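**Q** The following block contains the structure, expressed as structure tokens.
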Amino acid sequence: MTEGREIERSLLERAGCDSVALPRGGNGVRRLARLPQSTLAARRVLREQEIDAVIGTGGGATVPVGLAARLLGLPLCLLEQNAVVGRANRMLAPFAQRLYLGLPSHRASGKAVLTGTPLRGEFGCVERSRAREEFGLDPNTPVVVVTGGSQGAEVLNTFVPPALCALGEPLQVVHLSGEGKDSAVRSLYAPGSDDGVEAIVRPLSLEIPKLLAAADLVVCRGGGCTVAELIATGRPALIVPYPHHRDRQQLHNARLLERVDAAVVVEQSEMSVSVLAARLRELLSDPMALAEMGQRARTVAPQDAAATIVEDLEGVVG
């Protein structure tokens with residue numbers, strides 16, 4: 001069950017998954033006012049589908065579905081993808097049998113189990129040479145992947161292209177800009193110039209496992225799933241965390257990688273073309289150090305999350 005956003009519907013449809021959209025109530029007071037209606041709608045779906053257990057992944061839809069599970073006496077398990085447990089999961093944690101952690105968290109309850117974040121099986125299983133061949137990339141030229149997630153990130157779209165072009169080094173870039181932003185970003189890579197940068201700009205990609213496999217360095221936000229993908233693929237990163245979340249979740253996620261020297265964190269308030277270019281130049285100047293950063297990323301969280309959660313959930317359901 002989802003909040004019915006178009007991006008949710010589109011991604012689930014492409015993945016071949018059925019979904020049910022709950023009544024949306026906006027933010028704040030409007031969402032709270034709509035909570036009883038959403039909870040009753042969720043309870044009706046759980047009954048009709050004869051659901052045995054519920055897993056909530058945080059966000060607005062988790063609260064009414066979790067409350068509906070509570071009303072029906074169904075086992076409730078929560079998955080937290082971030083290093084800081086979000087509000088929805090904190091609200092439901094007292095009723096939950098388990099809290100599965102995608103990343104280490106010092107604030108989690110005694111019900112918490114560090115499992116890692118479930119990802120598609122392709123993550124970490126694609127050979128770099130094959131991935132580069134499929135994207136038409138030169139096997140001998142460094143590859144930088146830039147992604148701001150499914151909606152893109154304006155700060156990355158604005159600052160990363162000129163910073164990479166300023167390096168004056170041969171580079172291949174695959175930049176995921178977000179829907180409707182690819183033309184503007186493509187123009188920033190100055191096609192036809194002699195700066196050495198060859199850029200492929202796309203609005204989004206469903207081939208993230210292959211894309212990360214091709215990368216020498218990833219420039220990205222610090223969302224829980226993005227960090228989990230870096231861990232699974234063993235890729236070094238320059239992370240610019242989203243700064244406006246109340247709990248600063250992305251900053252805490254990124255710091256986990258930074259502490260083991262698997263990533264460099266640049267806060268959005270520090271961003272400029274010159275600052276970014278300096279960090280990128282330092283990272284790309286030492287390919288061996290980059291590879292070692294990627295190996296350290298793999299140590300941050302477990303990588304068999306799906307199997308671990310399924311095995312534990314079977315015990316919870318009985």
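The working numbering puts the sequence shown at residues 1 to 318.
Cβ coordinates follow ideal geometry from the N, Cα and C atoms, glycine included.
Predicted, not measured: the structure shown is a model, and the values here were computed from it.
(1) Are Thr117 and Ala305 closer than 8 angstroms when you measure CB to CB?
(2) According to DSSP, is Val265 helix, strand or coil?
(3) If Val201 and Val219 are in contact, beta carbons under 8 angstroms, what's the gap, nearest whole angstrom?
(4) Return the CA-CA distance between Leu137 and Gln268, expressed in angstroms with no decimal places.
(5) Can you give me the start and stop residues for the beta strand (DSSP E) that Cys17 sits inside?
(6) Can you check whether the CB of Ile239 is closer than 8 angstroms to the CB of Ser150?
(7) Would you mind giving the Cβ-Cβ distance between Ala42 and Pro64, rounded to the nearest angstrom? I have them listed as a contact below 8 angstroms.
(8) Over what stretch of residues does the beta strand (DSSP E) that includes Val113 continue unbroken?
(9) Is Glu179 helix, strand or coil when you go by DSSP?
(10) Using alpha carbons as the reference points, say which of Gly102, Leu72, Glu48 and Gly56 lies closest to Cys225.
(11) Give me, in chain order, the residues of the same chain whose beta-carbon lies closer than 7 angstroms to that of Val85; leave out the 5 immediate sequence neighbours on both sides.
(12) What distance in whole Å lies between the Cβ atoms of Ala215 and Val144, which are believed to be in contact at a cut-off of 8 angstroms?
(13) Are the beta-carbon atoms belonging to Leu257 and Ala297 less than 8 angstroms from one another?
(14) For Ser205, tell me which candidate among Arg235, Gly148 and Asp194 has the shortest Cα-Cα distance.
(15) Let's see if you can read the secondary structure: which residues bound the beta strand (DSSP E) around Val54?
(16) Alpha carbon to alpha carbon, how far is Leu67 from Gln97? Give it in angstroms, no decimals.
(17) Using the DSSP secondary-structure output, state which residues sit across from Leu101 in a beta bridge.
(18) For Ala88, which option in Gly58, Ala112 and Leu72 has the closest C-alpha, if you only look at C-alpha atoms?
(19) From Glu122, Ser272, Ala289 and Gln303, pick the residue whose C-alpha is nearest to that of Ala163; which is it?
**A** Looking at the atomic coordinates:
(1) yes
(2) strand
(3) Not quite, the Cβ-Cβ distance comes to about 14 angstroms (not below 8 angstroms), so this is no contact.
(4) 30 angstroms
(5) Run containing Cys17: none; DSSP gives neither H nor E here.
(6) no
(7) 5 angstroms
(8) Ala112 to Leu114
(9) coil
(10) Gly102
(11) Ser105, Arg107 and Ala108
(12) 7 angstroms
(13) yes
(14) Gly148
(15) Val54 to Gly56
(16) 13 angstroms
(17) Glu80 and Leu114
(18) Gly58
(19) Ser272
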